[in-house]
Structure formats: structure tokens, C-alpha cells
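**Student:**
Residue numbers (the working numbering): 10 to 238.
Structure representation (C-alpha cells):
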């Protein structure tokens, strides 16, 4: 993808497909490739996937630009901090060294990455303790940061999350993937999924002009060798 398509993506998708396990989340350090499997017990809730059905091409989007911006922010911080990646910087260190980043846009990008890394750790703790309400709150916080600081959302994804916030039986939602369209995920009560889908489709269509696609997900194993005999 990096060489032939020209998208500066990471390894997360490929890693999940290879090492994923049923009903487990992966807590992955993309630098060292160290990882932990975390249990996801959604109980009476389900992770719904909502496709905006917006046509997009990542090579023509701001995806590569965000990659470059993060690199520039890291370069500025490395003038005084010995780190390899933005995720190595904790919030306290960032706050005391952010003056090194002279561009307010680059500062926003760095703040997103560092705060998102903290949310990932908090989400892992929430999942380990079975606290779905806290996990949902962190999903909303993540989307807000992706929208305001990283600026990779859009009216379609924001409309989905906007609806989720006013729907009583949804604990949390966020865009997922590269953004600029694509999909969002939402933690919805199972028995309300059909109602949620119907109301969301209507809400989205009234605001955007066409319908999204909503479906339930299940966390399965990654790819495995299978015998046909």
C-alpha cells in the first residue's frame, strides 16, 4: 500500500487480520509490534458498523498530509525530547514542550495523537473491567478529537455520531478507519438494533440526502489455514 498505492498507512489492519481472536480486541504497539489480547464482553450490546456509503479515495484525501504533519510535529519536539514516536510522549511532557511546535495546526495534530494514545490505554482498562459505559464515553471522546484536532471526519460521519448521542440505547460511537467518509462504529443495545438502524437511516437521509448502511458485527478469529479434506 505504501509503495504501490501511495498511501502512508500503518500495519494495524493487516495485524488484526493475522493475529485476531474471537471476542478479543488487540492492544498493539505499532512501533515494537508488541501486543496484548483483551476480552470484549459486550453483554446485551453489539458493535454496529455504519457505512456512510460516501465515495472516497485515500490517495486524493488528506490522509498522507496528516502523516506528514505528525512527522513535522515529532521533529519539532525531538529538539529537546529523546523520543522515536509521538505516542512515546506523555501529556505532561507535551504540555511543557509544545512551544517547540511553532505551527498551531501541527500542535493540534500532536495533541490528538498523544491524547488518543491515552484514550486507548483507558479503553483497555475499561474493557478489562467490563465497563461498557466508560468505553462508550471514550469512543465519543475519540471521535471529538478526530473531528476537531485531527480533522479527518466530515459531515457524514459527524451526523452518525450526532444521532448516536441523542439515541438513549447507544453507549458510544466514533468514526473508524482513515476517515473522510468510510464507516463509524456504535455500541448499541442488541434488542434496539433494528429500531436504531431505522431511525439512524432516516436521520442521516434527511440531513445528507441518501441512506447509510447499518449492520451488526461479531468479532471473529483472524485468518487460519483450513483443511478441505
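Glycine residues also receive a C-beta, built at the ideal position from the N, C-alpha and C atoms.
1. Going by beta carbon distance, what residues of the same chain come within less than 6 Å of residue 120, once the five residues before and after it are set aside?
2. Rounded to a whole number of angstroms, what is the C-alpha to C-alpha distance between residue 103 and residue 207?
3. Rank 179, 111, 150 by C-alpha distance to the C-alpha of residue 257 and give the top, closest one.
4. Could you give the distance in angstroms between the alpha-carbon of residue 79 and the alpha-carbon of residue 92?
5. Work out the CA separation of residue 237 and residue 118 for me, nearest whole Å.
6. Output the boundary residues of the beta strand (DSSP E) element that contains residue 58.
7. Mind checking which residues open and close the alpha helix (DSSP H) that includes residue 113?
8. To the nearest whole angstrom, what separates the beta carbons of residue 95 and residue 82, a pair I think is in contact under 8 Å?
9. What does DSSP give as the partner residues of residue 44 in its beta bridges?
10. Assuming residue 188 and residue 202 form a contact by the criterion Cβ under 8 Å, report the distance between their Cβ atoms to the nearest whole angstrom.
11. Identify, in the order they occur along the chain, each residue of the same chain with its Cβ nearer than 8 Å to the Cβ of residue 181, setting aside the five sequence neighbours on each side.
12. How would you label residue 151, buried or exposed, when you count the other beta carbons within 10 angstroms and need 16 or more for buried?
13. With a threshold of 16 other CB atoms inside 10 Å of the CB of residue 184, please say whether the residue is buried or exposed.
14. In terms of alpha-carbon separation, which member of 34, 38, 168, 204 lies closest to residue 97?
15. Measure how close the beta-carbons of residue 44 and residue 36 come, nearest whole angstrom, since I'm counting them as under 8 Å.
16. Relative to the alpha-carbon of residue 230, which residue among 105, 28, 89, 109 has its alpha-carbon at the smallest distance?
17. Within the same chain, show all residues whose beta-carbon is closer than 7 Å to that of residue 89, passing over the 5 residues directly before and after it, in chain order.
18. Can you give me the C-alpha to C-alpha distance between residue 205 and residue 227, rounded to a whole angstrom?
19. Please determine, among 186, 222, 168, the residue with the shortest C-alpha to C-alpha distance to residue 215.
20. In the structure shown, what three-state DSSP assignment does residue 31 receive?
**Tutor:** Checking against the coordinates, here is how it stands:
1. 158
2. 44 Å
3. The structure shown has nothing for residue 257, since the chain only spans 10 to 238.
4. 13 Å
5. 48 Å
6. 54 to 60
7. 113 to 137
8. 7 Å
9. 37
10. The Cβ separation is near 24 Å, so there is no contact.
11. 144, 145, 146, 147, 148, 149, 173, 195, 196
12. buried
13. buried
14. 38
15. 6 Å
16. 28
17. 106, 109
18. 17 Å
19. 168
20. coil
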